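Protein chains in written order, with UniProt numbering: chain A, 1 to 318; chain B, 1 to 318; chain C, 1 to 318; chain D, 1 to 318; chain E, 1 to 318; chain F, 1 to 318.
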């Protein structure tokens, strides 16, 4: 079965794919005819596709996020590859394919990621900080198993958010050993909490963000997480004026570093400075790694990456 | 008694003033002598002053924020007026002067301002919004009687914050009549809440801000007020996810309009757009009015005003 | 008759509409066939449309800005609604429809708006200021009856400019009462003059701007209005160096506040500061009100609004 | 006689200088004593100076912009050279010194500069353009003989404005020969008019700008010159809507290139593009030449130059 | 034969053109048919074109950058002109047309441009500077005969780079005569070297840039030219620390003036300041001249020009 | 002996200090008297000081960067602490103090830092990369033992540059293990080379930068290091066009990330992205650690730190 990233112009192919998007449209002919405007995807990437001869049955058979078997050809349209679908049918139990094979996912099992996050949380020595973190994590416990970290920016796939947290926790551990003046409890808490409200900020399914929630648009995940800490303190009976509550809220509020990037205050504690830069280091490197992962072997340059000053990345030939 | 704004070069004068700042310093002579480096103020402005012949008794007699009677002369030092103090004594009960005469204050009595704010709050028809607003106002009830709205930017004087609120409420009333599609409850609530955390963000005495609090620096009044609304909802038993809580938090979070001005989200409801522009209109006009108020009659240009693109304001002669 | 804003995918409809734009194009077929590429509009919005079977007669019958009766169906093309026209004929006298019903217009009659502007002008107490304002208004007297205030930004409809002026005059009156130190004559004059050259900056018909004039592009309405004041002073025999001429030109030149927004100088009089912020308050709130006005009842979010930091506006459900 | 730029720490000297600034101040001693706070200047630069033993006669003898003979010593105060004046007397007729020797001036005689400008004006072939230019030049005819082009930025000396014009006219001639598609009449007119209102924007004496005029602050030289062209057209009976008036106003309005540099419109004719870049080329090179001119022979680096991105300029040693 | 810039909607025409781009695509029909998606060009401009009836032979006959004879018609597609090709054949020897007639080129013969550059190089009096320049020129000697100066920005045609250099050398000569304090050797060297690495930064054929090289993307022409000077010094036995090497590298590194425009250092020598502004003057005026050159006689406004603040240029009618 | 950071107002003290700066100045008295304007420093910080009674011998005895024994008192001058020196003598051999005790230095011995850098260099597996790195390191071998990484920004002390490299190498090792797709050879090389030219960009003694070199100002350390790689390739016989040379030059050129921060190109390889963010993480955390290190125990806030968006850092009390 051909992976989407290996398809090239003029290819003919048969295989299983995910109908990531599907819309019924009409041609300009007289009389107009229905056709499907489709986005196919698998774990290696995605491609737009057209299915021109749509029957009434087809319109009741195929829906977005369904698995299908397709026979098609690849051609170039407006300088991009496009699939012309010849045959299409729904995947059945006998085909032995499952949805999760067709979506992009973190390279570590979600259950392991969430376990690691819990372990980090348990290793926090300060009882109050641990309680505050646990309260917030509990709010999104289930979504941590599959939510992406962003719509397109970075870690935009199944369990991408948990994966981002785990990687940052590893870097955080290392930096705390290298610079013992840092408070490891606070840095761990900051890493776990900084994006904790993202699952409520975005609407996602199978690791794919379809939209932002009303709360996400009107408050943003930064202010949401800050309010969750207020809520946590009240529910856990911790003084709202305590230095711990203050330190955690500052970590969350300042982690985007600048006002124009969404932080109402700038990092002003050692751990807040560390948190921002560990976040940047992990997110940027993941963007690079993800872009190179789906780069066809024959290519040297990825597409432009918005988070990297809109520059492409070069893969050396040696 | 000569007001500070009427003093000019070479003047000799006697009068009562406030020792707004006072520090003991030493001259470079051998042996070095103690002197007082002073900032005098009254309701019309302030001026730096020196008192060169400081006795041991003087050092135990005079302290900042005390009222004194002074005989002095005015001269020019580095292009600014400065007072040389000839005689100084503490004001006594017999002098019949009181501290509040010597500080700059809103032109309406604090008790009337706070009464007006309470009336506006009472006029909110939605019971939940009214409760949320009342909870937050109660937190700073007493400080509303005297807190300024900012350190230097605008309304930087006794009861300046309450005065700013009251003026905005008047404009808000007018705009809601002009444009009935606006929700008057929300706009009133937004006006009362938008700067409600400023008394906890800043440390002030007699309308003069000496510093920002730790909370003020690490969280900022915007995030603080947003958290107060969370706290209010929990204490009043209002659903944290309700549209009302969301709308109020959005008003507070977005009222600085842009990320670089401290708002993590931009105004995205009609009332949030109105709130930001009413705030700007009132604050900017107050800066102008305050600067013209203390401008000597002989002058046409105020000093540069930071909040007005760092431009001075011209007063026409006709 | 179905309003354009109520049309949705798959609808079939019959009704009268305005041919806001119409172009004859050719299909790619062999031989190529002519078709009409059309923008339909009514008072509720606009929609693109295609008419595929164009006869020689059709090409001599239908022209832009004409009223037509249409039978059509709605479908989705590239994620936007598009009309396929089945039948089309010109509206006739018997149909009893008139052009002005089909364009978006200010909610107050133009004649009333212009009357209000004249009243405000008459209420200016300073004789010279009144003359200068009257001279400039006379230049665009007729166009004030129908010109929009902008191409797309705000008040972009029939008599939008006069409507913007009238609303600003109302706010100006209120603010002058609230802050008596403001010169009401100057503020009125500034409100009337600030956009007075827009009808010469833009080319508009029926409230729809099709282009900017050569003068508009090379000078801009700000410099144009400033020159009109010079012209007015010369024609009215008022000294070009007088403080009144200076004050009015400053109001006009500074009303966009910043150089990057087109003002060569920044506001430096009390009235200029007031003018800019009243202009901003009215324009921004009108953008919001206009966007909500055409928002389908089923929707909660308007499209992104360029003048509001490119953000959409949310309409609460309660 | 020692030039100011050759004075160094510990020097003792006697010579004639200009009292560019003089203020009477008082020491902190008891009783306080009067002293003069002075800025001395000659054609090579300027230096601050103190004269400590001021008599009553002295205060009636010495005033700013007077020529004096001085005996003094040079020392370092806060890392800058400063003169301690030992003896001072007014220059007399017998001394044979004249004010113009002591100020910085363009390297060409004002009368020759103005003659060249008139010649350029006469060489304009289009009668209307010539009339418009002549009208504006006539307004500042006399001031062109001595006005600087700016307060500090560039050509900040006697006749600096006329010198800047003449140099630009030379470059303009060359570029018009190199690129015949440019309209030489318009480019000449643009060069003569672009800064023509500067003598009314600034208040200057002997090539030294002491302040901006009220008109200069509230309108700026760009809008002022644009209005002068309006005035010129009316007085010369030229249609205000003519392409020539439009072209000249566009040249003036756009010559700062960007809104943030004060131009309400950007260059949109060939001549306007040429004008801006010829202006920049001449102004920037003059800043460099002027800075190197007053650089002591022993130094390699000039002070930072604001108009050159705040960078100093290096003079190579070979 | 009709030049491309004279073609208008509905024209039928026959003539020779260059196949600047050609791609084989497929229609959406069943079965899909091949067609050519083409960009035609000649010395006057370019136009997109479609050839719908492509045979197997055609696909082996026509390739990009080939000359063809075409019979076609012009129509409008999405508001742009497009050609429908009726007949197409390859140009033959008998047709007597040559490739260079069909591309846009500098108005002076390449051989003359390169000769002028060599003369300028020979006129450098300092032996070391001359050697350094000669070494770098030798690296791109052949490409100077035909390389453009940029992809689209300015001088984007055959021998555009050499033409840009020659024009700048003319301006440089003039400015050095006007301001003798400038070092003419350095300015000449700077003009020749500033863009000398562009032929290695870009991949171009017939004056048309198809892409940037890997070196061009990862290092940029500025750092490349700086390294060439290092290489030149080593190969010519000139001390790498010498003031001459330093001066030339500074000229190259600083010529874009600002960091955000690609210069790691800002101009800090007189010649570097001159170089930047001569470069800007020549490049901007060439953009204007090129845009006006291809503007149809009936039009007054060019398209928007990116290098001119994204503004169009107006051509007056008189 | 009292450390400078422990001195407070009114203290009297005796101890050994470094004369970091010393200048002879004159008082305004008649006759003027010489005095020393001094900056004292030790490993804990620095303080300005005055010595009023300077004898002729003193002027030949005391020079900058000498060790002295001082008896003095501390007072406040213009809100800053200042020392009045009562007695001063040079330190002698018997005093048993050495210069290095009085300067701020990296917490690891220089010899160990340089050894670690050499080890990292040796561990590079690619022979060509190793040679290129070794050539560049050899150029500054000796200065690596003591040069700071910057004038004031970060690691501004003895051996600060080597310390910065070693810390970054540690982080680089960790990240390469965490993300094996990174080329460890390139990342090591990039870390060693990115600031390698700083010792030639700045003039420093005892870890204190007094100025930038002419090369440093005209080329900057980024372009200098890039040229060194060119030189290294030529001297080592490595093809200048090779991918390795290209990769190293790209790492150096892009490591400041943005044009406005001095990088002529942006990171476009995985290792370049990693290098920039590791550099930022280490530099910012070091700024924080250094600022907290010298913060008096009684204080909670450091001064504003320019590299941290000009914000101070807060030290929690728990």
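Glycine is no exception: its CB is placed at the ideal position from the N, C-alpha and C atoms.
Source: prediction; values computed, not measured.
Cβ distance (whole Å) where residue i is taken to contact residue j below 8 Å
i	j	result
residue 38 of chain F	residue 56 of chain F	Between residue 56 of chain F and residue 38 of chain F the Cβ distance is about 18 Å, and since that is not below 8 Å, they are no contact.
residue 226 of chain F	residue 213 of chain E	That belief does not hold up - the Cβ atoms of residue 226 of chain F and residue 213 of chain E are roughly 17 Å apart, past 8 Å.
residue 68 of chain A	residue 17 of chain A	6 Å
residue 121 of chain F	residue 111 of chain F	That belief does not hold up - the Cβ atoms of residue 121 of chain F and residue 111 of chain F are roughly 16 Å apart, past 8 Å.
Whether residue i touches residue j by CB criterion (8 Å)
i	j	result
residue 26 of chain A	residue 75 of chain C	yes
residue 172 of chain F	residue 193 of chain F	no
residue 253 of chain B	residue 219 of chain A	yes
residue 20 of chain C	residue 40 of chain C	yes
residue 4 of chain A	residue 42 of chain A	yes
residue 105 of chain E	residue 97 of chain E	no
residue 80 of chain D	residue 72 of chain D	no
residue 189 of chain A	residue 223 of chain B	no
Residue i (DSSP reduced to helix, strand or coil)
i	result
residue 88 of chain C	strand
residue 240 of chain E	coil
residue 151 of chain D	coil
residue 255 of chain B	coil
residue 336 of chain B	With chain B covering only 1 through 318, there is no way to say anything about residue 336 of chain B.
residue 311 of chain F	strand
residue 298 of chain D	coil
residue 235 of chain C	helix
residue 210 of chain F	strand
I'd like to know if the region 134-143 of chain D and the region 229-239 of chain D are in contact, where contact means that at least 3 CB-CB pairs between them fall below 8 Å. yes
Contact list for the region 11-27 of chain C against chain E, Cβ threshold 9 Å: 23, 24, 25, 26
Could you check whether the region 266-274 of chain C touches the region 173-192 of chain C, counting it as contact only if at least three pairs of C-beta atoms, one from each stretch, sit closer than 8 Å? yes
Check whether the region 238-246 of chain D and the region 146-165 of chain D are in contact - that is, three or more C-beta pairs closer than 8 Å. no
With 9 Å as the C-beta to C-beta threshold (strictly closer), list the residues of the UniProt domain "HD/PDEase" (157-293) of chain D near chain B in chain order. 214, 217, 218
Residues of the region 296-309 of chain B with a CB closer than 8 Å to any CB of chain C: list them in chain order, please. 308, 309
Specify whether the region 162-172 of chain C and the region 115-122 of chain C touch according to this definition: at least 3 beta carbon pairs, one from each stretch, less than 8 Å apart. yes
Quick one: any contact between the region 199-207 of chain A and the region 199-207 of chain B, if contact means 3 or more CB pairs under 8 Å? no
Flag this pair as touching only if the region 279-299 of chain D and the region 282-294 of chain E have three or more C-beta atom pairs under 8 Å; answer yes or no. no
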